[in-house]
Structures are given as C-alpha cells and as structure tokens.
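Structure first, commentary second.
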Amino acid sequence: MFEPGAFSLLNRCGTFVYKGAVFAAVGFAAGLVGTVLSNGLISMRKKMDPNFETPNKAPPTLLNSLTWALHMGISSNFRYQTLNGIEFLLAKGLPPLAFKSLVVVLTCLNNVLGGMSFVILARLTGSQSIEEAKPVAVEVGLVAVKEKLIDGGEDLQSNQSTYK
C-alpha cells in the first residue's frame, strides 16, 4: 500500500481491500481450526475427568471464527499496513541499529494493541463474555496438606540451620 511508484489512490485502496480479504480468510480458517481443537481438547478432558469444570464457557465455533475473520481483515490489516508505512519512512532517516531497535519496539506494541483489540471485538460480538467467577469448592484434605507443607517448611528451615 505504501510502495513507491505510480500507483493511484484507487490502486492503494484496492491493495488494502485485497489484503483485508486475504487476512480475513486466514483469520476465519485459523479461528475455525483453533476453536474446534480447543473445544475438542476440553471435551476430551471432561471425558477423562468427569469432575473437571471449565473456567470459561466455550465460544460458539462459527461466531468465534467470524470474529477472527473480522479482526484479521480489519484490525490486523490496518495495523500491518500502518506499521509497514511507518517502517518505510523510518528506514530512510535512521541508522540501521536504531531502525531495527525501533522496529522491535513497534512490533511488540502492535502485538499488544492487536490482543487488546481482539478482546474488545470478541466481547462486542459475544464470542467471549465476562462472567461472574464461580465459587470453587475447596476440599478439606487439600487444606490440611497445604497447612502441613507450610508447617513442614518451618521444620525444614530449622533442620537446615542445625546442620550448618
């Protein structure tokens, strides 16, 4: 989109739309495969451990895939094109070490921004939701073991000091 050359504004916008469609297709496929695998692993875990409860409700497969497609086609595409343009400008005016260092920083910031934008989009589409935390039943045996480990830790410390 920011390549030098005799490209018209329509050509550049066409590149943005084309890349957006490509990113959306990849996002849909990755979202579909990832959600199916994740839900399959959770289902397998529930079969192996009937007492297992998932901390979050599994997202609907198709909705989650469409959310990924939307995110990749719009947000990721826009950030990719913008970052590419910024890097193109910076490469002209900075020494190589400063340029490469700034590219690393910009890429990390882009990654964080992308994660945040996906969470916002997923909540807007209903693909992911915020639920109240479920109360967790604590087994009495686990509490006793924890207390024993804590008390035993003091014994270990006193034993170590006597062996010095």
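Numbering (my numbering) for the sequence shown: 13 to 176.
Note that beta-carbon positions come from the ideal geometry of N, C-alpha and C, so glycine has one too.
Could you tell me if Leu21 is buried or exposed, where buried requires 16 or more neighbouring beta carbons within 10 angstroms of its beta carbon? With fewer than 16 other Cβ atoms inside 10 Å of its own Cβ, Leu21 counts as exposed.
Could you tell me whether the stretch 96-111 touches the stretch 81-88, using the rule of 3 or more Cβ pairs below 8 Å? Fewer than three Cβ pairs drawn from the stretch 96-111 and the stretch 81-88 lie within less than 8 Å of each other, which leaves the two stretches out of contact.
Per-residue burial, Ala201 [other beta carbons within 10 Å of its own, 16 or more giving buried]: Given a span of 13 to 176 for the chain in the structure shown, any question on residue 201 remains unanswerable.
Tell me, please, whether the stretch 33-49 touches the stretch 67-85 by the rule of three or more beta-carbon pairs shorter than 8 Å. Taking 8 Å as the limit for Cβ pairs, the verdict is that the stretch 67-85 does touch the stretch 33-49.
Take the Cβ of Gly127 as the centre, count every other Cβ of all protein chains shown within 10 Å, and call the residue buried at 16 or more, exposed below. Burial check for Gly127: the Cβ neighbour count within 10 Å stays below 16, so the residue is exposed.
If we call anything under 7 Å between Cβ atoms a contact, is Gly43 one with Trp80? Yes, Cβ-Cβ distance for Gly43 and Trp80 is below 7 Å.
Roughly how many angstroms separate the alpha carbons of Thr31 and Asn23, rounded to a whole number? For the sequence presented, residue 31 should be read as Lys rather than Thr. Each residue's Cα considered, the two are about 12 Å apart.
Using the Cα positions of Ser55 and Asn122, report the straight-line distance between them to the nearest angstrom. If you take the alpha carbons of Ser55 and Asn122, they lie about 34 Å apart.
Alpha-carbon to alpha-carbon, Phe64 and Phe130: For Phe130 and Phe64, the gap between their C-alpha atoms comes out near 28 Å.
Cβ-Cβ separation, Arg91 to Leu125 (assumed contact under 8 Å), whole Å: Rounded to the nearest angstrom, the Cβ distance from Leu125 to Arg91 is 7 Å, consistent with a contact under 8 Å.
Closest by C-alpha distance to Thr94, when choosing among Cys25, Pro62, Phe19 and Ala18: Nearest neighbour of Thr94 by Cα position, chosen from Cys25, Pro62, Phe19 and Ala18, turns out to be Cys25.
Quick one: is Phe35 buried, meaning 16 or more other Cβ sit within 10 Å of its Cβ, or exposed? Residue environment analysis places Phe35 among the buried positions, since at least 16 neighbouring C-beta atoms fall within 10 angstroms of its C-beta.
Three-state secondary structure (DSSP) at Phe14? Looking at Phe14 - three-state DSSP - the assignment turns out to be coil, as it is neither helix nor strand.
What does a CB cutoff of less than 6 Å around Phe111 pick up in its chain, not counting 5 residues either side in sequence? Cβ neighbours of Phe111 beyond the five flanking positions: Leu102 and Ala103.
Can you name the start and end residues of the alpha helix (DSSP H) that Pro108 belongs to? Note, Pro108: alpha helix (DSSP H), Pro108 to Thr137.
If you drop the 5 nearest sequence neighbours on each side, which residues of the same chain put their C-beta closer than 7 Å to that of Val115? Cβ within range, chain order: Glu99.
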